[in-house]
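Working notes for the structure below.
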Amino acid sequence: MRRFFTLIFFCLGRANVILSNADLKNVSYAKSVTLSSEYNTDRTYPGSKAVNGLLSDFAHTAHEKTPWLRIDLGANNRIHEIEVFARSDCCGNQLHDLDVRVGHTINHLRLCGHFTGNTTVGGRIPVWCPQNTTGRYVQKQIVAGRSSVLSPAEGLVWVQSRAITGLWKTSEAGSGA
Numbered sequence: 013m014r015r016f017f018t019l020i021f022f023c024l025g026r027a028n029v030i031l032s033n034a035d036l037k038n039v040s041y042a043k044s045v046t047l048s049s050e051y052n053t054d055r056t057y058p059g060s061k062a063v064n065g066l067l068s069d070f071a072h073t074a075h076e077k078t079p080w081l082r083i084d085l086g087a088n089n090r091i092h093e094i095e096v097f098a099r100s101d102c103c104g105n106q107l108h109d110l111d112v113r114v115g116h117t118i119n120h121l122r123l124c125g126h127f128t129g130n131t132t133v134g135g136r137i138p139v140w141c142p143q144n145t146t147g148r149y150v151q152k153q154i155v156a157g158r159s160s161v162l163s164p165a166e167g168l169v170w171v172q173s174r175a176i177t178g179l180w181k182t183s184e185a186g187s188g189a
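Given below as structure tokens:
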């Protein structure tokens with residue numbers, strides 16, 4: 013579980029302070045995963061390896077134009093961040109130019125974030141979703157290149173495990189108060 017503390021200042025004639033503390037929980041662990049294709053028909057690299065909590069193994073698609081991996085979280089969640097980890101043994105360049113999408117159904121996925129370029133061996137790609145992003149399905153898809161494979165070691169989906177509590181304080185700048 014992660015704990016985040018956020019302090020944000022906005023100065024536009026007023027000083028607004030937001031202080032929040034949210035507990036986050038990874039909800040992708042051991043969830044159902046669908047791959048656009050499989051690298052090996054003997055199920056050596058199934059999608060389930062991308063949500064098993066281990067960075068030492070990985071899921072793997074076949075070579076195709078825009079390979080994807082989709083996680084079914086089982087229920088709608090308010091999604092905060094999605095992390096994708098590259099393989100730790102080799103091939104960091106296989107994780108590149110990713111669109112990360114979230115939706116309530118597989119036919120209506122909205123862009124949460126995009127990563128441009130290659131990652132490194134064992135690299136981490138963090139994608140922060142816009143505020144109030146909710147969905148049951150999370151899809152990661154390579155969107156550039158002629159033919160690619162998608163072989164992530166792990167995919168984490170961080171959701172708020174309890175409501176955000178916080179303080180909103182407004183003060184007038186220069187009011188003499």
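In the working numbering, the protein residues as written are 13 to 189.
Backbone N, C-alpha and C define an ideal beta-carbon position, used for all residues, glycine too.
Item	Value
Using alpha carbons as the reference points, say which of 153, 167, 119 and 158 lies closest to residue 136.	167
According to the neighbour-count rule (16 or more other Cβ atoms, all chains shown, within 10 Å of its Cβ), is residue 9 buried or exposed?	The first residue shown for the chain is 13 and the last is 189, placing residue 9 beyond what the model contains.
Could you pull the DSSP bridge partners for residue 172 from this structure?	36
Is residue 64 helix, strand or coil by DSSP?	coil
Tell me the rounded alpha-carbon separation between residue 122 and residue 43.	20 Å
Restricting to runs no shorter than 3 residues, where is the beta strand (DSSP E) found entirely within the segment 111-150?	120-130 and 136-140
Cβ of residue 71 within 8 Å of Cβ of residue 59?	yes
Thinking C-beta only, is residue 169 closer than 8 Å to residue 118?	no
Could you give the distance in angstroms between the alpha-carbon of residue 33 and the alpha-carbon of residue 160?	Unreliable placement is indicated for residue 33, whose pLDDT of 46 sits below 50; no coordinate value is reported for it.
In the DSSP assignment, what are the bridge partners of residue 108?	130
Which stretch, first to last residue, makes up the beta strand (DSSP E) that contains residue 49?	Here residue 49 belongs to no beta strand (DSSP E), and DSSP marks it neither H nor E.
The beta strand (DSSP E) that contains residue 87, what's its start and end?	80-97
How long is the line joining the alpha carbons of residue 63 and residue 38, rounded to whole angstroms?	10 Å
Going straight from the alpha carbon of residue 53 to that of residue 151, what length do you get?	22 Å
Could you give the distance in angstroms between the alpha-carbon of residue 173 and the alpha-carbon of residue 124?	19 Å
Suppose contacts are defined by Cβ-Cβ distances below 8 Å. Is residue 112 in contact with residue 94 by that definition?	yes
Give the straight-line distance between the Cα atoms of residue 104 and residue 88, rounded to the nearest whole angstrom.	31 Å
Measuring only the C-alpha atoms, how far is residue 96 from residue 127?	10 Å
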